[in-house]
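Since the structure comes first, as structure tokens, the remarks are kept for the end.
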Amino acid sequence: MIWRADTAAPSPRPSVLPWAVYPDWDAIYADNVGRIYRLMFSKVGNRPDAEDLTSQVFTAALGPLRPGAEIGQVRSYLTTTARTVLAEHWRRTLGHQVTEIDPDILDLAELPPGAGDDGDAGAQAQRILDALPERYRQILTLRFLRGYTVRQAATELGVSVANAKVLQLRALRAAARAETAQGVRDVEANIVGEGEAS
Amino acid sequence: MRRQAVDRYVDRLLGRRRPKSFAATEDELAMVRTAIDLAAAGPDAHGPSPAFVDRLRDQLREHEQTQEATPEPRPAWRTPPRRRFLAAGALTATGALVGAAADQLLQSRDQSPQAQPPDAPGELVPVTGTWQPVAQTSEVPEGAVVAFDLGAVTGFVRRTGGRLRAVSGNCTHQGCRLNLDTTRDKLACPCHGATFSLAGVNLTRPHQSGTPLPALPRVPVREQGGTVQIYAPAGDHSPPAA
Ligand code: FES
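Chains P and X, in that order, give the protein sequences. If you want the numbering used here, it's the 1-based position in the first sequence plus 14. If you want the numbering used here, it's the 1-based position in the second sequence plus 7.
Next comes the structure, spelled out in structure tokens:
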């Protein structure tokens, strides 16, 4: 029995079922390298580190992973490895677990279309930005989301480069405070209710 | 001074360079975390560069060749020579046809053409499916476990911590159909006595001996329009009877 890609799948992007098998290492790699990279990028925020950590994950998995393994198992193995590799990265660099991979995503990392919350990172960033005053939101949007240099951002906002730098730092600090406070509020939501501390 | 360190860290992050470590305070760690959250929605987040993908593939191939001589212990989860759930027939009989579809699939999943397997086009098994309802939302409240049977896919769906999870209902020993234990807190195999947690982790082994079995594969599940849906092979509703 064969299930073909063209058999009336309503979703625009057909997916391989997680219990199909990978025939060879190249298939394991091709199917997962983007996924692991994106996961790592979302946890370290820069390309060189994300590439490094992605390499470490695959190198570590090279021995244990064998063709013929089921897709779901390979993915959860890679994600588990990624979790360890990321923890070690933070231990080595800032000495604190700045970000971590949620054990809840250890299962499949990427489900078929419609299953997961696509654009998670975008939504999170938007939530952070929405909590900020206009000026702060502008500088962070230009710098982080649009990839503007400080100079370009300064021009866009009509301020000096020095001012743009100060603005960026303040905006980031305010965003970090709001995020931390939000985290605390989430935890206390049931008890505290509407308490606002701006 | 301190302020400069975190500033530099963020600058390098934004300059797409590797940030340098520093002794960060709690506040600074929070700023780094926020910067990462923001950068995660930025232009570099979408995927690896094709050059990196190629380079790492080459490194891994080299690595693999130097490693090949050393025999390794078999990890518990490595797929055992058991009955292939679903995929085996397609794998052997119709490689070429299926392989063509596989290329398509991989391409649609990853825009960079470099990410396709360059060789062995005839081997990958694409099994594509559709979302199929297995229960009403109301039938799977928090803590509930519900068995489903879609012909090609059987399993158990449950709601825990507000989220739906589903696992395959076939024992990873030799493929027997698992039953929900009378206590409804584990899955039991009638054939050789293996048991699994509801999350799919092997609890007891067949005949109480040997290495642990691989975990039960997770099955994609979602909730839509008041129904709980499982992602299963398209168009196969035939009963498993011969
Ligand atoms: S098939 Fe389940 S224990 Fe053997």
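For each residue, glycine too, the CB sits at the ideal point set by N, CA and C.
request  = Please report the Cβ distance between Val-6(X) and Leu-171(X), rounded to the nearest whole angstrom; I am assuming they are in contact, meaning their Cβ atoms lie under 8 angstroms.
outcome  = A query on residue 6(X) cannot be resolved here, the shown segment of chain X reaching from 8 to 249 and no further.
ask   = Which residues in the same chain as Ala-46(X) place their Cβ atom closer than 8 angstroms to its Cβ, once the five residues preceding and following it in sequence are excluded?
value = Answer for Ala-46(X): Leu-20, Leu-21, Ala-52, listed in chain order.
Local Cβ density within 10 Å of Thr-161(X), reported as buried at 16 or more and exposed below that = By the neighbour-count rule (16 or more Cβ atoms within 10 Å), Thr-161(X) is buried.
ask   = For Thr-211(X), which residues from the same chain have a beta carbon less than 8 angstroms from its beta carbon, with the 5 sequence-adjacent residues on both sides left out?
value = Leaving aside the five residues that flank Thr-211(X) on each side, the residues in its chain whose CB is nearer than 8 angstroms to its CB run, in chain order, Gly-200, Ala-201, Thr-202.
message = Assuming the contact rule is C-beta atoms closer than 8 angstroms, Ala-185(P) and Leu-159(P) should be a hit. Round their C-beta distance to whole Å, please.
response = Not a contact, Cβ separation roughly 13 angstroms.
request  = Kindly indicate which residue of Pro-197(X), Cys-183(X), Gly-182(X) has the alpha-carbon position closest to the one of Thr-189(X).
outcome  = Each of Pro-197(X), Cys-183(X), Gly-182(X) was checked against the Cα of Thr-189(X), and the nearest Cα belongs to Pro-197(X).
request  = Identify every residue that forms a DSSP beta bridge with Phe-155(X).
outcome  = According to DSSP, which records beta bridges pairwise, Phe-155(X) is partnered with Gly-162(X).
query = Along chain P, which residues have their Cβ under 9 angstroms away from the Cβ of Gly-200(X)?
reply = Here the premise fails: no neighbours, minimum Cβ distance about 22 angstroms.
query = Exposed or buried, Pro-80(X), counting other C-beta atoms within 10 Å across all chains shown (16 or more means buried)?
reply = Caution applies to Pro-80(X), whose pLDDT of 42 falls short of 50 and renders its modelled position unreliable; the value that the coordinates give is listed next. Per the 10 Å Cβ criterion, exposed.
message = Let's see if you can read the secondary structure: which residues bound the beta strand (DSSP E) around Arg-172(X)?
response = For Arg-172(X), the enclosing beta strand (DSSP E) stretches over residues 170 to 175.
query = Quick one: complete alpha helix (DSSP H) runs, 4+ long, within the segment 135 to 168 of chain P?
reply = Runs found: 148 to 154.
task = Consider the Cβ of Ala-101(P): report whether some Cβ of chain X lies at a distance smaller than 8 angstroms.
result = The beta-carbon of Ala-101(P) is placed no less than 8 angstroms from the nearest beta-carbon of chain X.
inquiry  = Against chain P, which members of the segment 27 to 43 of chain X pass a CB distance test of less than 8 angstroms?
reply    = So the close ones are Ser-28, Phe-29, Ala-30, Ala-31, Asp-34, Leu-36, Ala-37, Met-38, Val-39, Arg-40, Thr-41, Ala-42, Ile-43.
inquiry  = What does the alpha-carbon distance come out to for the pair Tyr-16(X) and Met-38(X)?
reply    = In this structure, the CA atom of Tyr-16(X) is about 10 angstroms from the CA atom of Met-38(X).
ask   = In angstroms, rounded to a whole number, what distance separates the CA positions of Arg-61(P) and Ser-69(P)?
value = Taking the CA atoms as reference points, Arg-61(P) sits about 12 angstroms from Ser-69(P).
inquiry  = Considering only heavy atoms of the ligand FES, does any lie closer than 7 angstroms to the CB of His-180(X)?
reply    = For the ligand FES, a non-hydrogen atom lies closer than 7 angstroms to the CB of His-180(X).
ask   = Closer than 8 angstroms, CB to CB, is Leu-205(X) near chain P or not?
value = No, no contact with chain P.
Proximity test, His-199(X) beta-carbon vs the ligand FES heavy atom, cut-off 7 angstroms = Within the cutoff, so yes.
query = Can you tell me where the alpha helix (DSSP H) with Leu-45(X) in it begins and where it stops?
reply = Per DSSP, Leu-45(X) belongs to the alpha helix (DSSP H) from 33 to 46.
task = Tell me whether Pro-224(X) counts as near the ligand FES, meaning its Cβ is closer than 7 angstroms to at least one heavy atom of that ligand.
result = Result no, Cβ not under 7 angstroms from the ligand FES.
message = Given 7 angstroms as the limit, tell me if Pro-219(X) has its C-beta closer than that to any heavy atom belonging to the ligand FES.
response = When distances are taken from the beta-carbon of Pro-219(X) to the heavy atoms of the ligand FES, even the shortest one reaches 7 angstroms or more.
query = So which residues on chain P does His-70(X) lean against when the C-beta distance must stay under 8 angstroms?
reply = The CB of His-70(X) comes closer than 8 angstroms to the CB of Thr-73, Leu-76 in chain P, given here in chain order.
task = Can you pull the chain P residues whose beta carbon is under 7 angstroms from the beta carbon of Arg-23(X), in chain order?
result = Here the neighbours are Asn-60, Arg-61.
key: Validate contact between the segment 77 to 95 of chain P and the segment 58 to 66 of chain X using beta carbons, cut 8 angstroms, 3 pairs   = Taking a contact to require three or more Cβ pairs closer than 8 angstroms, the segment 77 to 95 of chain P and the segment 58 to 66 of chain X do not qualify as touching.
query = Sorted by chain position, which residues of the same chain lie with C-beta nearer than 8 angstroms to His-214(X)'s C-beta, five sequence neighbours on each side aside?
reply = Apart from sequence neighbours up to five positions away, the residues of its chain that approach His-214(X) with a beta-carbon distance below 8 angstroms are His-199, Gly-200, ordered along the chain.
query = Tell me, which residues are paired with Asn-186(X) by DSSP?
reply = Answer by DSSP bridge pairing, in chain order: Ala-195(X).
query = Are the beta-carbon atoms of Ser-216(X) and Thr-107(P) separated by less than 8 angstroms?
reply = At the C-beta level, Ser-216(X) and Thr-107(P) stay beyond 8 angstroms of one another.
query = Does the beta carbon of Val-213(X) fall short of 7 angstroms from some heavy atom of the ligand FES?
reply = Sequence check: residue 213(X) is Pro here, not Val. The answer is yes for Pro-213(X).
task = Mind checking which residues open and close the alpha helix (DSSP H) that includes Leu-92(P)?
result = Residues 85 to 106.
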